[in-house]
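Enquirer:
In the UniProt record's numbering, the protein residues as written are 1 to 101.
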């Protein structure tokens with residue numbers, strides 16, 4: 001094989017790195033017409049689709065965009081929890097306070 005040609009295994013590895021992972025999900029609006037951004041009519045019903053390696057397959061239907069995002073996201077939203085007694089700047093007011101060292 002000439003030096004300027006890529007080996008088949010290297011080509012296959014590069015190709016697999018570019019491919020969409022199986023099981024990836026997306027949200028599509030059920031409105032007629034071309035696809036639009038999620039900010040356009042967020043109250044419209046949405047369909048959740050999953051990539052099976054060949055085509056997008058329907059998985060579920062959601063009432064609106066936020067519900068569809070919750071269906072797509074596998075992770076629960078992080079909840080901010082206040083830490084009692086923690087104040088990095090200490091007491092006092094002022095615009096340009098320094099962090100105590």
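Each residue gets a CB set at the ideal place from its N, CA and C atoms; glycine is no exception.
All of these numbers come straight from a predicted model, not from anything done at the bench.
Got a sec, what are the start and stop residues for the alpha helix (DSSP H) residue 18 sits in?
Expert: Its alpha helix (DSSP H) spans residues 8-18.
Enquirer: Which residues in the same chain have their Cβ closer than 8 Å to the Cβ of residue 36, if we skip the five residues on either side of it in sequence?
Expert: Once the five neighbours on either side are set aside, the close Cβ partners of residue 36 are 29.
Enquirer: Helix, strand or coil: how does DSSP classify residue 70 here?
Expert: The answer is helix: DSSP assigns residue 70 an H, G or I state.
Enquirer: With C-beta atoms as the reference, is residue 27 less than 8 Å away from residue 83?
Expert: No.
Enquirer: Taking C-beta to C-beta, are residue 44 and residue 64 nearer than 8 Å?
Expert: Yes, they are a contact pair.
Enquirer: Which same chain residues end up closer than 6 Å to residue 53 when comparing Cβ atoms and leaving out the 5 residues on each side of it in sequence?
Expert: Hits under 6 Å: 22.
Enquirer: Rounded to whole angstroms, how far is the Cβ of residue 51 from the Cβ of residue 16, which I believe are closer than 8 Å?
Expert: Contact flag wrong, Cβ pair sits at about 14 Å.
Enquirer: Skipping 5 residues on each side, what residues in its chain have a beta carbon closer than 6 Å to that of residue 20?
Expert: Closer than 6 Å at the Cβ level, and outside the excluded window around residue 20, lie 51.
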